[in-house]
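Residue 554 in the UniProt record's numbering is what sits at position 554 of the sequence shown, and the numbering runs on without skipping anything. For every residue, glycine included, the Cβ atom is placed at its ideal position computed from N, Cα and C. All of these numbers come straight from a predicted model, not from anything done at the bench. Only one structure is covered here, and it is reproduced in the block below.
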Amino acid sequence: MAAVSCPLIAVGANRHPAAADWSPCGLLAFGAGRCIALWNPLDPALRGVHTTLKGHADRVNAVRFLPGQSAAAGVLISGAVDQSVRVWAQSPGAPVFAPVWISEERARTGSVNAIATCAGQPDIFASASADGTVAVYRVCTSDPAAVTVTHLQSFTTAPKFYPLSLAIATLPSGPATVSGPAALILTVAGSASSVSVYIAHSHTAPFTLQATLSGHENWIRSLSFTPEDPSRPASSDLILASASQDKYIRLWRIHPGEVLPAATASDETKTYALSTRLSNKAHKLRTHDGVWSATFEALLMGHEDWVYTTSWRPTTAGGAAAAALQLLSASADSSLAVWAPEPESGIWLTTSRLGEISDVKGASTATGAVGGLWTGLWSPDGNSVAAFGKTGAWRVWHYGAGEDRWVQGVGISGHVKSVMGCSWGKDGGYLLSTGLDQTTRLYAEWRQGGGRGSWHEFARPQIHGYDINCIASLGGSRFVSGADEKLLRVFDEPRGIAGLLERLCGIYEESKASMPDAANVPALGLSNKATTSDAPPSDNPPINPYDPSFIPTANPQPTATTSGSTLDNLLHPPLEDHLCRHTLWPEHEKLYGHGYEISALAASPNGRIIATAAKASTAEHAVIRLFDTQGWRELKPSLAAHALTVTALAFSDDSQRLLSVGRDRAWAVFEARSETVWELVERRDKAHTRMVLDAKWAPGSRGFATAGRDKCVKVWQRVSERWECVCTLKFEMPVTAVDYLGCVVGGKTWLAVGEESGALWLYAADEEEVGKVELVRKLDDSITPDRAVTQITWRPARAGEGRLEMAVSSEDGSIRVYAFDAAG
């Protein structure tokens, strides 16, 4: 098992407008918890996140690529809640970015909320923090192997306002330009209704406040510069876009001299003349080589809620539209808007609107509400845009010049909070995950052309009102989950999802004919109800926008009444629109009994028994409850063995033994005396010196492993009618998850171990003597999670696969699949 790959890293984007950027080389970086996820949205193979950069100690708020870098190497800048700014560099030929500089955290006392770079002076960048500190830096990239960063200046905007956005640009050539470096303009805005304008005479000179641009009526969330004429950026006027929570976008012109340009001075329609607040007063800006003016240019109206970000179409993008200004805005009204001026009048109008359709606004998340779009980004060529919303999922649209329309493509998705559990379908066809973002998600491999393909989210079976703590597959296209609501819910797969998985993933279900069509959530309800479609089959052929012969006829806009037909027509993984509205699974049963939040869950391999436990501080509530899936009744009496919360449960592969571990540092083994009668056969107090967090059986029930907060994994084997510890593995961090591969490979049993730090280890043991354990490898830190591993589960071995796979869920919000070469 020498070769290790990571075909799936699913993680959602942090809900912050500045938490993403799209580099000129095509790489999109976004904050994902404490990590930075890297993804290529234009990858023809449609692979998702391929790397996560670890280093920050808290949530990443701001990400920005340094402009002017080559496609082979780049520099990435990030800021986080941990109050630090980090610079990451990619050397030519290197596969990943490496940290090269970390700011002094003592320089600020608040979260870093924004980072700005300068296209005209690519070695300058600035950061803004929640304490009001704005810091300016210079980065030297002449040697990619030794990138250096110098702090130039810091100033504060507090208590006047606290910055939320920044923008930097070089000033155009002035009327009395002298030799020397170009002057820089820095704009800062945030928790006030005005934009502060700072001027620096050169890239080494300090910035000084020279003007305040008034007009907005609420906080300002985004600032963005562009030259008016991209063909001559050094001498063209600058256009500044400012977006606000007042639902409007304002454009400002930065031009040489004190006199307004003729078009701006005479054309009153460009300001729409709506109120006395619209003024084209000239704000003077003075530098060493002349005077500039900042004047109001236009007011852009059309969004129905806060405007989070604005982004100018790249000036280096080719095509017919390269010479025309285009502005992309993202709003809390769940839409993206593309703005452009009319050639004749110069009036700015919306040329395209993407995102949420109006008739579902205000719906709950379970019926399709996006919860706003937090950022909008242009691709390097300006022919694609990407945005993410409250669910953490990325949506991508591609522009077809021949058809003059935008078509939505396949994006990526993932949990936005800790992933607490994962479970493979009984045959290993798909992977289920669940977490504290109150969703359950289904991932599978899209096998285009029958070969190995890319992993995608194919369903969102459960969108709940409580944090979900655990999940287990029951077989027969059914799973059960446990949440903080103190009960368990059992779900059945709908026919639409079964058909989709059959077409795209080769996963076949014999019982598809008896499945319900789909599911929905009634108003004010928490239970997914099965629905039956009475609509006739669609006459439209299946669509696949990734087919070279595909010609788009309209933006895909599914409606809430055609779930079955919508999925029937898909020849690609579901888009976020589909996942939100059409992929719920109907609820089959509720299982009651516990008085506190569900803490542990396991299902027997034969699918007959469900074992559950809840949080407990007394032995009375620390019982294990068993449910028979044949009649959905609880088996009495409950199993008592622990004094505190049971943290993990595991059945043996023959479904005849149940292993439990808990916070009381004990483990217990129960055996089935009949299909409905279980009894305690052995219990071990003080099995670990601290709480036991996980436990799993070895293949053939030859032994089991327990993992504890005492930084140990202990392997237990039957010795003289008792289970005895035959091996102890010690680690540097508490061990939070373990799992045995369910079969013997190469005469060895395989044990995976996950730490609280996110580190992953792979061990091999003798087939008969499970205590004879040897280390095979520690997985590289570049592909492991950033926080505690919550669950490890090996994929059931499938005939002809030639490799082994395991899924890992983590508190860092990610679900990952690792593949090992079985012959290595």
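Rounded to a whole number of angstroms, what is the C-alpha to C-alpha distance between residue i and residue j?
| i | j | result |
| --- | --- | --- |
| His594 | Tyr466 | 16 Å |
| Ser418 | Trp252 | 42 Å |
| Gly110 | Val669 | 50 Å |
| Leu779 | Leu751 | 13 Å |
| Ser782 | Thr51 | 7 Å |
| Lys696 | Ala130 | 46 Å |
| Leu487 | Val789 | 24 Å |
| Pro605 | Asp654 | 7 Å |
| Trp339 | Pro159 | 34 Å |
| Val87 | Ala643 | 49 Å |
| His303 | Ala32 | 27 Å |
| Asp628 | Asp517 | 26 Å |
| Leu601 | Ala530 | 25 Å |
| Ser214 | Gln438 | 42 Å |
| Val307 | Ser194 | 15 Å |
Does any heavy atom of the ligand COA sit closer than 8 Å to the C-beta of residue i?
| i | result |
| --- | --- |
| Gly392 | With respect to the ligand COA, the structure shown offers nothing to examine, as it has no ligands at all. |
Report the three-state DSSP secondary structure of residue i (helix, strand or coil).
| i | result |
| --- | --- |
| Ser334 | coil |
| Pro459 | The sequence shown places Ala at residue 459, not Pro. Three-state result, Ala459: strand. |
| Glu724 | strand |
| Leu431 | strand |
| Cys118 | coil |
| Gly496 | helix |
| Pro17 | coil |
| Leu700 | Correcting the residue identity first, residue 700 is Gly in this sequence and not Leu. Gly700: helix per DSSP, three-state reduction. |
| Leu325 | coil |
| Glu805 | strand |
| Arg503 | helix |
| Ser235 | coil |
| Glu811 | coil |
| Glu576 | helix |
| Gln90 | strand |
| Thr629 | coil |
| residue 831 | Residue coverage of the chain in this structure runs from 1 to 824, which leaves residue 831 outside it and unanswerable. |
| His398 | strand |
| Thr566 | helix |
| Gln83 | coil |
| Gln153 | strand |
Leaving aside the five residues before and after residue i along the sequence, list all residues of the same chain whose C-beta is less than 7 Å from its C-beta, in chain order.
| i | result |
| --- | --- |
| residue 838 | Any property of residue 838 remains undetermined from this structure, which presents the chain solely from 1 to 824. |
| Ala57 | Arg34 and Asp82 |
| Pro172 | Ala234, Ser235, Ser236, Asp237, Leu238 and Pro256 |
| Ile507 | Gly429, Tyr430, Ala444 and Leu501 |
For residue i, which residues of its own chain have a beta-carbon under 8 Å away from its beta-carbon, when the five flanking residues on both sides are left out?
| i | result |
| --- | --- |
| Pro380 | Trp22, Ser23, Pro24, Cys25, Gly26, Pro314, Thr316 and Ala317 |
| Ser511 | Gly476 and Ser477 |
| Thr749 | Ala698, Pro699, Arg702, Tyr740, Leu741, Ala764, Ala765, Asp766, Glu767 and Val770 |
| Met515 | Ser477, Asp492, Glu493, Pro494, Arg495, Ala498 and Glu509 |
Should residue i be labelled buried (16 or more other beta-carbon atoms within 10 Å of its own) or exposed?
| i | result |
| --- | --- |
| Leu184 | buried |
| Glu721 | exposed |
| Val121 | The amino acid at residue 121 is misidentified as Val; the sequence shows Gln. The residue is buried, with at least 16 neighbouring Cβ atoms inside 10 Å. |
| Glu217 | exposed |
| Trp406 | buried |
| Val681 | exposed |
| Tyr592 | exposed |
| Leu693 | buried |
| residue 826 | Outside the shown range of the chain, which is 1 to 824, sits residue 826, and nothing can be said about it. |
| His151 | exposed |
Which same chain residues end up closer than 6 Å to residue i when comparing Cβ atoms and leaving out the 5 residues on each side of it in sequence?
| i | result |
| --- | --- |
| Tyr272 | Low per-residue confidence applies at Tyr272: pLDDT is 39, beneath 50, and the placement is therefore not dependable, though the value from the model is reported in the following sentence. Only Leu299 meet the Cβ criterion. |
| Arg353 | Ser335 and Ala337 |
| Ala135 | Ser127 and Ser154 |
| Gln90 | Ala73, Gly74 and Phe97 |
| Asp685 | Ala666 |
| Val490 | Val480, His588 and Glu589 |
| Gly132 | Thr156, Thr157, Ala158 and Tyr162 |
| Ser191 | Phe161, Tyr162 and Trp219 |
Note to self: Taking contact to mean 3 or more Cβ pairs, one atom from each stretch, closer than 8 Å, check whether the stretch 51-66 and the stretch 12-30 are in contact.
What the structure shows: Output reads yes: the stretch 12-30 touches the stretch 51-66.
Checklist line | Stretch-stretch touch, CB-based, cutoff 8 Å, three pairs: the stretch 571-590 with the stretch 411-430 | finding: Counting C-beta pairs closer than 8 Å gives three or more between the stretch 571-590 and the stretch 411-430, which meets the contact rule.
Check: Are three or more beta carbon pairs between the stretch 137-149 and the stretch 163-172 nearer than 8 Å?
Finding: Using a C-beta cut-off of 8 Å, the stretch 137-149 makes no contact with the stretch 163-172, since fewer than three inter-stretch Cβ pairs fall below that distance.
Notebook entry, point to check: If you pair each beta-carbon of the stretch 605-613 with each one of the stretch 498-505, do three or more pairs fall below 8 Å?
Noted result: Flag = no, the stretch 605-613 and the stretch 498-505 do not touch.
Note to self: Tell me whether the stretch 661-675 and the stretch 738-747 touch, counting them as touching only if at least three CB pairs, one residue from each stretch, are closer than 8 Å.
What the structure shows: The count of Cβ pairs closer than 8 Å, one atom from the stretch 661-675 and one from the stretch 738-747, stays below three, leaving the stretches out of contact.
Margin query: Count Cβ pairs between the stretch 38-51 and the stretch 6-13 that sit closer than 8 Å; are there 3 or more?
Written below: Under the three-pair Cβ rule at 8 Å, the stretch 38-51 counts as touching the stretch 6-13.
Item checked: Segment contact flag, the stretch 709-727 with the stretch 759-776, C-beta cutoff 8 Å, min 3 pairs -> Judged by Cβ distances under 8 Å, the stretch 709-727 makes contact with the stretch 759-776, as three or more pairs qualify.
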